[in-house]
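Chemist: According to the numbering used here, the sequence shown is numbered sequentially starting from 144. Backbone N, C-alpha and C define an ideal beta-carbon position, used for all residues, glycine too.
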Amino acid sequence: MGSLARQGGEQSLGKPSYKRGFIDGMQLSYGEARKGVGGGICQASNLIHWLALHSELKVIEKANHSFDPFPDEGRVLPFGSGAAIFYNYVDLILYNPTPYNYQIRLHVAEHQLEGELLCSEERKYRYHIYEKSSSFIKKGEHVYRCNEIWRDIYTKNNVGAFPQLITSELLYENSVVVKYDISDEQLN
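(1) Mind reading off the beta-carbon distance from residue 184 to residue 228? Whole number of angstroms is fine, and I expect it under 8 Å.
(2) Helix, strand or coil: which one does DSSP assign to residue 176?
(3) State yes or no: is the C-beta of residue 314 within less than 8 Å of the C-beta of residue 297?
(4) Going by DSSP, name the residue or residues bridged to residue 275.
(5) Looking only at DSSP bridge pairs, what is residue 280 linked to?
(6) For residue 92, name the three-state secondary structure that DSSP assigns.
(7) Given residue 208, which residues of its chain have a CB within under 6 Å of its CB, disregarding the five upstream and five downstream residues?
(8) Confirm, please, whether the CB-CB distance from residue 247 to residue 191 is below 8 Å.
(9) Which stretch, first to last residue, makes up the beta strand (DSSP E) that contains residue 154?
(10) Please confirm whether residue 280 and residue 317 have their CB atoms less than 8 Å apart.
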């Protein structure tokens, strides 16, 4: 799968349909998991969002799932760094403010979805995405998972020079209902 984010343009995944090659999979909707066309597309939107955060692309529209369905076992990216999509309600829309073209390429490997973000010019910056203030908080009958997603932007490592931190920015504050059991020791 390849998609081009041209200079000054916006990019969206659009409507999943059988005609466009989507198949049935698990959708997380209204607090429950169910089967539907394009189910699992959040795997792709999560990866695309992660790639975009490591670039000059701007996230115009992004949403989280309204709940945390699974514990962290096997989690590769920080909780809350993904991008839920559910056609005609929430979408992932990226804007390319640069004079360059970006290409997003995804492919299915043996056990996971993999991707790369290509640029028509050498990129000027290096990015580091991480979480802070991760906690589980009980409010009434529900447990909430809370954290912050941050991005550090550095100069690229030039020959003989160390990368310099340009800025640290808070990208997202997350707080969602947890749908699995949390021990008392995990609560803050």
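Modeler: The relevant details are as follows:
(1) 6 Å
(2) strand
(3) no
(4) 291
(5) 287
(6) This structure leaves residue 92 out entirely; the chain is present only between 144 and 331.
(7) 171, 227
(8) yes
(9) 153-155
(10) no
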